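Worksheet: one structure, shown below.
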Ligand SMILES: [Zn+2]
């Protein structure tokens, strides 16, 4: 009955990866408001964000904890 809900709630790794992605996004946005980033820096943040997102999606697929 509660299966899908408890699986999601109890997945610490998923939470950690979600937090990581949010942190990368927030820091990138913060930095770009602080000053204008060079295109290389923007690429770097973009790359980090995509990598964090990929880790999250990979985990969801492997672990089956996505909703
Ligand atoms: Zn998981």
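Numbering (the working numbering), first residue to last: 6 to 72.
Note that CB positions come from ideal geometry on N, CA and C, so glycine has one too.
It should be emphasised that the depicted structure is a prediction, and the values quoted were computed from it without experimental measurement.
* **Exposure label - residue 59; buried when at least 16 CB within 10 Å** => Here residue 59 refers to the residue found at position 54 when the chain shown is read from its first residue. The Cβ neighbour count for residue 59, taken over all protein chains shown within 10 Å, is under 16; the residue is labelled exposed.
* Beta carbon of residue 18: closer than 8 Å to some heavy atom of ligand 1? -> Translated into the one-based positions of the chain shown, residue 18 becomes position 13. Yes.
* Asked: The alpha helix (DSSP H) spanning residue 44 covers which residue range?
  -> For this step, residue 44 is matched to residue 39 along the chain shown. It spans 44-68 - the alpha helix (DSSP H) in which residue 44 sits, taken as one unbroken run.
* To do: Give the DSSP-derived three-state secondary structure of residue 30 in the structure shown.
  => Along the chain shown, read from residue 1 onward, the residue named residue 30 stands at position 25. Residue state, collapsed to three classes: helix.
* Asked: Is residue 41 helix, strand or coil when you go by DSSP?
  -> Numbered from its first residue, the chain shown carries residue 41 at position 36. Here residue 41 sits in coil by DSSP.
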